[in-house]
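Participant: Residue numbers (the working numbering): 1446 to 1522.
Quick reminder that beta carbons are idealized off the backbone N, C-alpha and C, glycines included.
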Amino acid sequence: MSIKVKFFARMRDEAGLDGGELEYEEGMKIADIWNQLVKGADYPEAVMVAVNMEYVSGEPKIKDGDEIAFFPPVTGG
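Below, the structure is given as structure tokens:
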């Protein structure tokens, strides 16, 4: 199977694409997913990540069939 990836707002601009699909590999990390799809753009320091529509922190365990979404940090006021 594969992993679906989506980029939102500023992350879409930095990535240069809306999203994509990657072949699942055991032990994949979030930065690996970014680097495989976004050739040449550094992984941003300030980024929010959701796995299957739930925000995660740290390094989540990625499973086959997951959907990974990258969002810019959100501020309020």
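Let's see if you can read the secondary structure: which residues bound the alpha helix (DSSP H) around L1482?
Facilitator: The residue labelled residue 1482 in the question sits at position 37 within the sequence shown. Counting along the chain, the alpha helix (DSSP H) containing L1482 begins and ends at 1475 to 1482.
Participant: Can you name, in chain order, every residue of its own chain whose Cβ lies under 7 angstroms from the Cβ of E1459, other than the five neighbours on each side?
Facilitator: The residue labelled residue 1459 in the question sits at position 14 within the sequence shown. Closer than 7 angstroms at the Cβ level, and outside the excluded window around E1459, lie A1486, P1489.
Participant: Nearest by alpha-carbon distance to A1495: which of D1511, L1482, K1484, Q1481 is it?
Facilitator: For this step, residue 1495 is matched to residue 50 along the sequence shown. A1495 has its Cα closest to that of D1511, out of D1511, L1482, K1484, Q1481.
Participant: Would you verify that the beta carbon of D1511 is, or is not, closer than 7 angstroms to some beta carbon of chain C?
Facilitator: No chain C appears in this structure, which consists of one protein chain only.
Participant: Under 7 angstroms Cβ to Cβ from L1467, same chain only, skipping five residues before and after it: list those, please.
Facilitator: Locating residue 1467 in the sequence shown gives position 22, counting from the first residue. Cβ contact annotation for L1467 (same chain, cutoff 7 angstroms, sequence separation greater than five): S1447, I1448, V1450, I1478, Q1481, L1482, in chain order.
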